[in-house]
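Quick mapping for you: the protein sequence lines, in order, are chains A and B.
Be aware that the first sequence starts at 10, since it is given in the working numbering, and climbs by one per residue.
Be aware that the second sequence starts at 2, since it is given in the working numbering, and climbs by one per residue.
In what follows, a single structure is set out as structure tokens and then discussed.
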Amino acid sequence: AQSVAQPEDQVNVAEGNPLTVKCTYSVSGNPYLFWYVQYPNRGLQFLLKYITGDNLVKGSYGFEAEFNKSQTSFHLKKPSALVSDSALYFCAVRDDNYGQNFVFGPGTRLSVLP
Amino acid sequence: EPEVTQTPSHQVTQMGQEVILRCVPISNHLYFYWYRQILGQKVEFLVSFYNNEISEKSEIFDDQFSVERPDGSNFTLKIRSTKLEDSAMYFCASSELGEQNSPLHFGNGTRLTVT
Chain A
10 AQSVAQPEDQ VNVAEGNPLT VKCTYSVSGN PYLFWYVQYP NRGLQFLLKY
60 ITGDNLVKGS YGFEAEFNKS QTSFHLKKPS ALVSDSALYF CAVRDDNYGQ
110 NFVFGPGTRL SVLP
Chain B
2 EPEVTQTPSH QVTQMGQEVI LRCVPISNHL YFYWYRQILG QKVEFLVSFY
52 NNEISEKSEI FDDQFSVERP DGSNFTLKIR STKLEDSAMY FCASSELGEQ
102 NSPLHFGNGT RLTVT
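The following block contains the structure:
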């Protein structure tokens, strides 16, 4: 079965600095990877997805993610953090051996400090 | 941009009562899902629905739960006899295609409080 780990519960970064939110995954088939962001009292909002063959994918609001097959990772990055990026971030995976279900990581709370 | 809409935003019910959570998925989407999230923590899969039947369900989705698409627009989750531990945020989601890289689009959720 597929699984997702986000090793950091909390990431703090100063505004203007680069940020990284880490994600590693485990699948038996091909991985389909996604990042979502959740603001308080809101649903999950799609940020970006892995596209086969692109090790660096770009998404909404200046975010990008780096896929590394050998490390089974899909880390979320942004070159310059904004205070408004403060939110809860979820990595998710679908395994093409396991149907339509998305499995979400436990989430990482990002705080960008002014 | 089309959105998934959920009603009500907050539902308070007494233990043992039945609740129905309602969702209107994006109109051209074919796959529908319910997830739940307890206290802003992990997002847990409940059930997926396609072509008027359940395609997958998790261990959480026991006999107390049911889903229905009563008409061409609504998608509902019923909890027959609520328990305290059912208190959570319930999110409806939909996707356009069944392809594996189709993202889910989520509603803003229904906060269910069981007292």
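Quick reminder that beta carbons are idealized off the backbone N, C-alpha and C, glycines included.
None of the values given here were measured: they were computed from a predicted structure.
Residue range of the beta strand (DSSP E) that includes A/Q11
Position 2 of the first sequence holds residue 11 of chain A. A/Q11 -> no beta strand (DSSP E), and no H or E assigned at all.
- Message: Distance check for B/E86 and A/E17, CA to CA, integer angstroms please.
- Response: Mapped onto the first sequence, residue 17 of chain A falls at position 8. Mapped onto the second sequence, residue 86 of chain B falls at position 85. In a straight line, the C-alpha of A/E17 is about 26 Å away from that of B/E86.
Whose C-beta lies closer than 6 Å to the C-beta of B/L22 among residues of the same chain, with five residues either side of it excluded? The residue labelled residue 22 of chain B in the question sits at position 21 within the second sequence. Within the same chain, B/L22 has close Cβ partners L78, Y91, T111.
- Query: If you drop the 5 nearest sequence neighbours on each side, which residues of the same chain put their C-beta closer than 6 Å to that of B/P3?
  - Reply: Position 2 of the second sequence, counted from the start, is the residue given in the question as residue 3 of chain B. Excluding positions up to five away in sequence, the list reads I27.
Just to confirm the assignment: which complete alpha helix (DSSP H) runs, minimum length 4, are found wholly within the region 49 to 116 of chain B? none
Please check if any C-beta of chain A sits within less than 8 Å of the C-beta of B/P104. One-based indexing of the second sequence puts residue 104 of chain B at position 103. Cβ-Cβ to chain A under 8 Å: yes for B/P104.
message = If I measure Cβ to Cβ from B/S103 and keep anything under 7 Å in the same chain, skipping five residues before and after, which residues do I get?
response = On the second sequence, residue 103 of chain B is found 102 positions in, with the first residue counted as 1. Correct list, in chain order: S96, E97.
Check your understanding: Mind checking whether A/V112 and A/V13 have CB atoms under 8 Å apart?
Key -> Mapped onto the first sequence, residue 112 of chain A falls at position 103. Mapped onto the first sequence, residue 13 of chain A falls at position 4. Yes.
### Message
To be precise: take each residue of the region 89 to 116 of chain A, compare its Cβ to all Cβ atoms of chain B, and keep it if any distance is under 9 Å. Which residues remain?
### Response
L97, F99, A101, R103, D104, D105, Y107, G108, Q109, N110, F111, V112, F113, G114, P115, G116
Closer than 8 Å to chain A by CB, B/N109: Walking along the second sequence from the start, residue 109 of chain B turns up at place 108. By this cut-off, B/N109 is an interface position.
query: CB B/V68 to CB B/I55, shorter than 8 Å?
result: For this step, residue 68 of chain B is matched to residue 67 along the second sequence. For this step, residue 55 of chain B is matched to residue 54 along the second sequence. Going by C-beta atoms, B/V68 is nearer than 8 Å to B/I55.
*Is there a Cβ from chain B that is less than 8 Å from the Cβ of A/L53?*
For the purposes of this step, residue 53 of chain A is taken as residue 44 along the first sequence, with counting starting at 1. Yes - at least one Cβ of chain B is within 8 Å of the one on A/L53.
Tell me whether A/Q11 is buried or exposed, calling it buried when 16 or more other Cβ atoms sit within 10 Å of its Cβ. Here residue 11 of chain A refers to the residue found at position 2 when the first sequence is read from its first residue. Its Cβ being crowded by 16 or more others within 10 Å, A/Q11 is buried.
Need the endpoints of the beta strand (DSSP E) that A/K31 sits in, please.
Numbered from its first residue, the first sequence carries residue 31 of chain A at position 22. Careful: A/K31 lies outside any beta strand (DSSP E) and carries neither H nor E.
Would you check if the region 67 to 78 of chain A and the region 36 to 46 of chain A touch, i.e. whether three or more CB-CB distances between them fall below 8 Å?
yes
What number of angstroms, rounded off, separates the C-alpha of A/T61 from the C-alpha of A/F83? What you label residue 61 of chain A is simply residue 52 of the first sequence in a count that begins at 1. What you label residue 83 of chain A is simply residue 74 of the first sequence in a count that begins at 1. Distance between the alpha carbons of A/T61 and A/F83 is about 12 Å.
Note down, one range per segment and in chain order, each beta strand (DSSP E) of at least 3 residues found wholly within the region 18 to 105 of chain A. 19 to 23, 28 to 30, 33 to 35, 40 to 47, 53 to 58, 65 to 67, 73 to 77, 82 to 87, 96 to 104
Provide the residue(s) that pair with B/H11 in DSSP beta bridges, ordered along the chain. Position 10 of the second sequence, counted from the first residue, corresponds to residue 11 of chain B. Its beta-bridge partners are B/R112.
For this session: Could you check which residue in A/N77, A/L97, A/L42 has the C-alpha nearest to that of A/Y59?
Result: Reading the first sequence from its first residue, position 50 is the one you call residue 59 of chain A. Residue A/L42 is the option with its Cα nearest to A/Y59.
Please report the distance separating the alpha-carbon of B/Y34 from that of B/G41. Stepping through the second sequence from its first residue, residue 34 of chain B is reached at position 33. Stepping through the second sequence from its first residue, residue 41 of chain B is reached at position 40. Roughly 19 Å separates the two Cα atoms.
(Q) I'd like to know whether the C-beta atoms of B/Y36 and B/A94 end up nearer to each other than 8 Å. (A) Residue 36 of chain B sits at position 35 when you count from the first residue of the second sequence. Residue 94 of chain B sits at position 93 when you count from the first residue of the second sequence. Yes, Cβ-Cβ distance for B/Y36 and B/A94 is below 8 Å.
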